[in-house]
Amino acid sequence: MKALSIQQPWAWLIAHGFKPLENRTWNTKFRGELLIHAGKTFDSDGYDWVREEFPEIPMPAPGDFERGGIVGKADLTDVVKSSDSPWFSGPVGFCLERAQPVDFLPMPGKLGFFEVDYPQQAAA
């Protein structure tokens with residue numbers, strides 16, 4: 001199964017259905033289910049921005065985010081180059097639907113999409 005590594009808190013926000021767009025500098029023709037991998041780094045400025053812009057989102061404290069493993073899955077349904085979404089900063093946005101968290105599975109991440117031997121029943 002394909003996976004995409006994303007910094008926290010963005011990975012958590014995607015996996016829990018709050019962030020339907022993932023910003024990238026590159027395009028892809030891939031469409032379909034993918035795993036959300038939480039990288040080991042944490043975007044503190046991004047965390048503060050989400051707290052300010054979306055105070056209703058019940059994010060964990062910065063030290064409580066799982067890092068360095070699979071945290072969720074979603075369907076990549078489209079790629080856009082512009083959007084009115086407050087989550088879009090571009091230049092490319094991966095549109096993600098049907099996101100949900102999964103049991104944490106520690107593993108190293110990689111740049112771009114990478115293949116993960118992930119049990120289908122765990123992704124269900």
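For the sequence shown, position 11 (counting from the first letter as 1) is numbered 11 according to the UniProt record's numbering, and the numbering increases by one without interruption.
Ideal Cβ positions, reconstructed from N, Cα and C, are used throughout, including at glycine.
Problem - Proximity of G69 and K81 at Cβ, strictly below 8 Å - result: Looking up residue 69 in the sequence shown gives position 69. Looking up residue 81 in the sequence shown gives position 81. Contact flag unset, no.
Practice task
Could you tell me whether the segment 91 to 98 touches the segment 107 to 122, using the rule of 3 or more Cβ pairs below 8 Å?
Solution key: no
Handout entry: Status (buried if at least 16 other CB within 10 Å, exposed otherwise) for W12
Key = Here residue 12 refers to the residue found at position 12 when the sequence shown is read from its first residue. Its Cβ being crowded by 16 or more others within 10 Å, W12 is buried.
Exercise for the section: Grab the span of the alpha helix (DSSP H) containing residue 130 for me, first residue to last. Expected result: Absent from the structure is residue 130, since the part of the chain shown begins at 1 and ends at 124.
Exercise for the section: Decide yes or no for the touch test of the segment 53 to 71 against the segment 32 to 39: beta carbon pairs closer than 8 Å, at least 3 of them. Expected result: yes
Problem - According to DSSP, residues forming a beta bridge with A11 - result: If you number the sequence shown from 1, residue 11 lands on position 11. Partner(s): none; A11 has no beta bridge.
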